[in-house]
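Each remark here refers to the structure printed beneath this line.
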Amino acid sequence: MSWTASVITAATTDTEPSIVLSFENPSFKYIFNAAENTNRAFTQKKAHRRRTRAFFFTQAGAERTGGLPGMLMSSADQMLSTLDVIGPPGLAHSIASMRSYIYRDSMSLDVKEAPLSSDFTAAPPWTYHDKNITVYSFPVLNNTQNISEAVAFDESQSYCTEHVTEQGSSKRRRESTPLLKELMDASDFSPGKLQGQLAQEWRKLMINTMFPASAPASPTRQCRDNQSNKRRKISNDSEEPRNPENPTNVDMYKRPPIHAGYHQQLPKFNHSWNAAAPPTLAYVVVGPSVRGKFDVEKSLALGVPKNMRSLLTKGQSITVNVKEGDKTIEKIVRPEDCIGPSETPAAVIVLDVPSPAYIPSVVSSFGQSPFYARFRSTRPEDLAQCAVRAVFHLCGAGVLENPQYAQFMNGFPPTTHHIISSREYCPDPVTFTTAAFNQLRLHQLDAEMFPTPHFSLEPRKQLAAIPNLPASCVIMEPSLHISVRPAGAPETGRLPAERRDHFHPAITSLDPDLLFLSPSILENFAGMQAKAKELALKTSSQPSPGADVVVIPLGTASAVPTSSRNVSSTLIRIPSRGSILLDAGEGTWGQLARHFGLGVEDVLRDLSCIFVSHIHGDHHAGVVKILAKRGQLNPPPTQPLYLVSVHKLHLYLRELADIEDLGLDDPSPRGVVTVMSDALHIKQTGEYIYHGMWRIEGAEPWTDYERSVAAGMRLCVALGLRSFHTIDVFHQVKCYGLAIRHEDGWSIVFSADTLPTGSLVRGGRYATLLIHEATMGDGEEVMARAKAHSTVGQAIDIARRLVSHMNAENVLLTHFSARYPRMPPPVGNARTSDTGGLDASEPVVALAFDHTNLTIGSIPRLSMYLDVIQQAFADTSEEDDEEEAKAALAAAP
Numbered sequence: 001m002s003w004t005a006s007v008i009t010a011a012t013t014d015t016e017p018s019i020v021l022s023f024e025n026p027s028f029k030y031i032f033n034a035a036e037n038t039n040r041a042f043t044q045k046k047a048h049r050r051r052t053r054a055f056f057f058t059q060a061g062a063e064r065t066g067g068l069p070g071m072l073m074s075s076a077d078q079m080l081s082t083l084d085v086i087g088p089p090g091l092a093h094s095i096a097s098m099r100s101y102i103y104r105d106s107m108s109l110d111v112k113e114a115p116l117s118s119d120f121t122a123a124p125p126w127t128y129h130d131k132n133i134t135v136y137s138f139p140v141l142n143n144t145q146n147i148s149e150a151v152a153f154d155e156s157q158s159y160c161t162e163h164v165t166e167q168g169s170s171k172r173r174r175e176s177t178p179l180l181k182e183l184m185d186a187s188d189f190s191p192g193k194l195q196g197q198l199a200q201e202w203r204k205l206m207i208n209t210m211f212p213a214s215a216p217a218s219p220t221r222q223c224r225d226n227q228s229n230k231r232r233k234i235s236n237d238s239e240e241p242r243n244p245e246n247p248t249n250v251d252m253y254k255r256p257p258i259h260a261g262y263h264q265q266l267p268k269f270n271h272s273w274n275a276a277a278p279p280t281l282a283y284v285v286v287g288p289s290v291r292g293k294f295d296v297e298k299s300l301a302l303g304v305p306k307n308m309r310s311l312l313t314k315g316q317s318i319t320v321n322v323k324e325g326d327k328t329i330e331k332i333v334r335p336e337d338c339i340g341p342s343e344t345p346a347a348v349i350v351l352d353v354p355s356p357a358y359i360p361s362v363v364s365s366f367g368q369s370p371f372y373a374r375f376r377s378t379r380p381e382d383l384a385q386c387a388v389r390a391v392f393h394l395c396g397a398g399v400l401e402n403p404q405y406a407q408f409m410n411g412f413p414p415t416t417h418h419i420i421s422s423r424e425y426c427p428d429p430v431t432f433t434t435a436a437f438n439q440l441r442l443h444q445l446d447a448e449m450f451p452t453p454h455f456s457l458e459p460r461k462q463l464a465a466i467p468n469l470p471a472s473c474v475i476m477e478p479s480l481h482i483s484v485r486p487a488g489a490p491e492t493g494r495l496p497a498e499r500r501d502h503f504h505p506a507i508t509s510l511d512p513d514l515l516f517l518s519p520s521i522l523e524n525f526a527g528m529q530a531k532a533k534e535l536a537l538k539t540s541s542q543p544s545p546g547a548d549v550v551v552i553p554l555g556t557a558s559a560v561p562t563s564s565r566n567v568s569s570t571l572i573r574i575p576s577r578g579s580i581l582l583d584a585g586e587g588t589w590g591q592l593a594r595h596f597g598l599g600v601e602d603v604l605r606d607l608s609c610i611f612v613s614h615i616h617g618d619h620h621a622g623v624v625k626i627l628a629k630r631g632q633l634n635p636p637p638t639q640p641l642y643l644v645s646v647h648k649l650h651l652y653l654r655e656l657a658d659i660e661d662l663g664l665d666d667p668s669p670r671g672v673v674t675v676m677s678d679a680l681h682i683k684q685t686g687e688y689i690y691h692g693m694w695r696i697e698g699a700e701p702w703t704d705y706e707r708s709v710a711a712g713m714r715l716c717v718a719l720g721l722r723s724f725h726t727i728d729v730f731h732q733v734k735c736y737g738l739a740i741r742h743e744d745g746w747s748i749v750f751s752a753d754t755l756p757t758g759s760l761v762r763g764g765r766y767a768t769l770l771i772h773e774a775t776m777g778d779g780e781e782v783m784a785r786a787k788a789h790s791t792v793g794q795a796i797d798i799a800r801r802l803v804s805h806m807n808a809e810n811v812l813l814t815h816f817s818a819r820y821p822r823m824p825p826p827v828g829n830a831r832t833s834d835t836g837g838l839d840a841s842e843p844v845v846a847l848a849f850d851h852t853n854l855t856i857g858s859i860p861r862l863s864m865y866l867d868v869i870q871q872a873f874a875d876t877s878e879e880d881d882e883e884e885a886k887a888a889l890a891a892a893p
């Protein structure tokens, strides 16, 4: 039984540490932590996620779990039928909060929260067990908090409500207790009133509803969609908008009957620890015991028939007939007579130590518990029981320099490898090298428009400068791999995709041959640069309003990320005013940090508004990380952040705010002001709609209409806007586009996700820039309609209709399907810019690329580049592009 430990992501600008244990025969995987971009990292590395058995989390906050929603959806779409998810208190609350945007009827999810209490006088029960691994966990607590209170609170919640099957795997209780059923049947039932164990049962019920395992996994996505189409229907409790111009409904998943409380706020998750210093979980993973080698010669000498050898290998004694002289006698042969001693089980340990204040808890756990002490021991009797091959140290600032921690590390056997994650001592290489290499090649065309991402191959501090660390310490790097059994040393560059990293060799060597740009492409680049200068001279003499407004596409993919493009997000920077973030899919924080480098904190401090169009995860799963990072700024922001979105998104964030501080409704200047999209509708009705497809979905105090209207007015003043209006568009769920108009006369219209709809034309008049989704290529209109998206041609047609309503000057297309892994779908016959005069009757059409540095005034320049960019991508198309597209589409809704 061979097994390995691999690093999928490390502590870099755009990722957090994620570790995968992989077994052969059977080929199962176990993932420890899944922060934002974990899903995309698997795609980049061409590493499959199939056969994943369980996720383990050291913390419940976004820093460790931000990628879990995407991983859960991908796991279900890759035909996994069951998954175990283990973590600290708060994990079930976090997963239940995802119920508005995750539903996978082919999968069952078993969630277990490990308690914060530890009895060091006895051997602890395992946290997880199957044929491959036995996992033990213990809490690591900040020594500044009252540990006894935290433990007492934890026990009162009765987190561990699972029971154990005869096979030893965790199995959730699918049935609610009679008391909860009785409460749910009452007419005045409210989930918010539940406390303690009843509150935890309600969270588990929500998870069971999200993952009911009510339908078998289909062999392909298309087959599954065909089956589910037969039962899709808009239900009263999740009514979706209808397009008046396209009355046929987009197909929807019809969920099994659900309780009305499903749409109400979860019971509050109360905890006794400081939100800035949450408890973490440490994991000790013990691999299987491996029997010794079967000695064939001994078995023959003992008279063991060939057909009975298997019984001995299974641990059974057998009776054989052997001749001694003239007599035949019976003898008992025991397994140990033919089989050598069993091999010592191997183990891996994962420790999450956010600051030096957690070190005493880690040290005492191994010191006070006889059970855990044997893993950190050099005594022969302990080494005979278990061999610790690797300890993964996830260290916060100041931990490694602490002499107590160095002493703790030296207590492990000298054969143990210490894999260290620390932002101070780890380099910061680019994670998504395919996208970065594309950008580097386009950088040769226009260095200003296509900047290279910020990275560093050298750490800020050298690990060798820390005294008394074990000799076997290595830095945790992306792609680091260690063989646990058989024992091996850490190594890198194991996966073929890692060996195809073209970005770092090209940018560090400055060798133009490594850019794979043919002479003809370079000649075309030079020609385009000359035309760009001519165009700049013509446009600079006639500056138009808003020409200096910055538009940075941070994510241009739809549904799922690819190695070349992240999911939806676009940053609008208004000079001397502030910024607006249009949607924020998973990984948006990493995209911001890669783009701006050390200046990202100033960008975050300058952020005035996040507009989230709808509840689909590829448009909002990155919001929590951004809010959490904003709350950590020092000095803090001096102006509030306005978060404009639909009710379901606000509800989701308020539930997650029980776990970590997101700054919601903080009255200080650093606070986050929540604003209902419905209240800023362009029709300005003066009240919410309480019936039909656009009805308000809740009546909590924070949904007050006048409150949101007033906040919208303050937002306009802060950004110098004449108006900030939402526009109803037509998608699979309630979705709003956006129209902003500035006092200087320019305006931007954002389509969000939508079929072509007249409401966007009516609401987007006078648009200087239209940012429109173009998920599908021309010729895929039927598919686009089925998924409530637009094609390239349809998006351009909307722009043309805006032209007829007073001059839509530019259209930037984005949100491209995974069918187009690198280059977006072709524009077709639409007119793009050249150095000649611009036809006012036609908009200038450009395609968005991640990390493009644009202004409204430079859109014509990008448009002019499209043909040569298309040629450059075609010149280096990779054979596995099609394979990546198929894999991404299998996970796309």
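Per UniProt numbering, residue 1 is the first one in the sequence shown, and the count goes up by one each step. Cβ atoms here follow ideal geometry from the backbone N, Cα and C, with glycine treated the same way. Computed from a prediction, not measured in an experiment: that's the story for all the values here.
query                                                                                                                                                                                           : result
Of the choices Leu-738, Phe-366, Ala-60 and Asp-326, whose alpha-carbon is the least far from that of Phe-120?                                                                                  : Phe-366
Determine contact between the segment 731–742 and the segment 606–617, defined as no fewer than three beta-carbon pairs at a distance below 8 Å.                                                : yes
Going by DSSP, which residues form a beta bridge with Ile-258?                                                                                                                                  : Bridge partners of Ile-258: none, in fact.
Would you kindly report the start and end of the unbroken alpha helix (DSSP H) that includes Ala-92?                                                                                            : 91–96
Starting from the C-beta of Ala-848, find all residues in its chain whose C-beta is less than 6 Å away, skip the five residues before and the five after it, and write them out in chain order. : Pro-553, Thr-556, Leu-812 and Thr-814
Is the beta carbon of Leu-522 sitting closer than 8 Å to the one on Ile-869?                                                                                                                    : no
When we look at the beta-carbon of Gln-779 and count the other beta-carbons within 10 Å, is it buried (16 or more) or exposed?                                                                  : A quick correction: the sequence has Gly, not Gln, at residue 779. The residue in question, Gly-779, is exposed, as its Cβ has fewer than 16 Cβ neighbours within 10 Å.
Counting only the same chain and skipping the five closest in sequence on each side, list residues whose C-beta sits under 7 Å from that of Lys-629.                                            : Trp-589 and Leu-604
Looking at C-alpha atoms only, which residue of Ala-41, Ser-75, Asn-37 and Gln-444 is the closest neighbour of Arg-50?                                                                          : Ser-75
Along the chain, where does the beta strand (DSSP E) that runs through Val-363 open and close?                                                                                                  : That residue, Val-363, is in no beta strand (DSSP E); its alpha helix (DSSP H) goes 359–368.
Helix, strand or coil for Phe-611? Go by DSSP, reduced to three states.                                                                                                                         : strand
Can you round the beta-carbon distance between Met-73 and Ile-102 to whole angstroms, since I take them to be within the 8 Å contact cut?                                                       : 6 Å
What's the C-alpha gap between Gly-70 and Cys-338?                                                                                                                                              : 50 Å
Quick one: Cα of Glu-16 to Cα of Thr-685, how far?                                                                                                                                              : 45 Å
What does the Cβ neighbour count give for Glu-330, buried or exposed, with the cut at 16 atoms within 10 Å?                                                                                     : exposed
Given Met-1, which residues of its chain have a CB within under 6 Å of its CB, disregarding the five upstream and five downstream residues?                                                     : Pro-288 and Val-290
Taking Cβ to Cβ, would you say Ser-100 is nearer than 8 Å to Ser-81?                                                                                                                            : no
Closest to Gly-671 by C-alpha separation, out of Gln-632, His-681 and Pro-459, would be which residue?                                                                                          : Gln-632
With burial defined as no fewer than 16 other Cβ atoms inside 10 Å of the residue's Cβ, what is the status of Gln-368: buried or exposed?                                                       : exposed
With 16 as the cutoff for other CB atoms within 10 Å, does Val-399 come out buried or exposed?                                                                                                  : buried
From the DSSP output, in three-state form, read off Gly-737 for me.                                                                                                                             : strand
DSSP three-state label for Ala-784, please.                                                                                                                                                     : helix
Hey, out of Ala-559, Gly-67 and Gly-303, whose CA is closest to Ile-8's CA?                                                                                                                     : Gly-67
Residue range of the beta strand (DSSP E) that Asp-185 falls in?                                                                                                                                : No beta strand (DSSP E) contains Asp-185, which is instead part of the alpha helix (DSSP H) from 178–185.
Given a cut-off of 8 Å on the beta-carbon distance, is the pair Val-729 and Ser-747 in contact?                                                                                                 : no
Output yes or no for whether 8 Å exceeds the beta carbon distance between Tyr-136 and Ala-54.                                                                                                   : no
Is His-129 near the ligand GTP - that is, is its Cβ less than 7 Å away from at least one heavy atom of it?                                                                                      : Ligands in the displayed structure: none, and consequently the ligand GTP is not present.
Keeping to the same chain, check which residues put their C-beta closer than 7 Å to that of Leu-535; ignore five residues upstream and five downstream.                                         : Thr-835, Pro-860, Arg-861 and Met-864
Report back the beta-carbon spacing between Ile-856 and Val-551 to the nearest angstrom; my notes put them in contact at under 8 Å.                                                             : 6 Å
Within 10 angstroms of the Cβ of Met-206, are there 16 or more other Cβ atoms? Answer buried if so, exposed if not.                                                                             : buried
What's the call for Met-693, buried or exposed, on a 16-neighbour Cβ count within 10 Å?                                                                                                         : exposed
Taking the CB atoms as reference points, tell me whether Asp-744 and Gly-546 lie closer together than 8 Å.                                                                                      : yes
Along the chain, where does the alpha helix (DSSP H) that runs through Ile-207 open and close?                                                                                                  : 196–210
With H, G and I counted as helix, E and B as strand and the rest as coil, what does DSSP make of Glu-817?                                                                                       : Here residue 817 is Ser; the residue named in the question, Glu, does not match the sequence. Three-state DSSP puts Ser-817 in coil, outside helix and strand.
Identify whether Ile-521 lies in helix, strand or coil by the three-state DSSP scheme.                                                                                                          : helix
Can we say the segment 497–514 touches the segment 17–35, given the rule of at least three CB pairs closer than 8 Å?                                                                            : no
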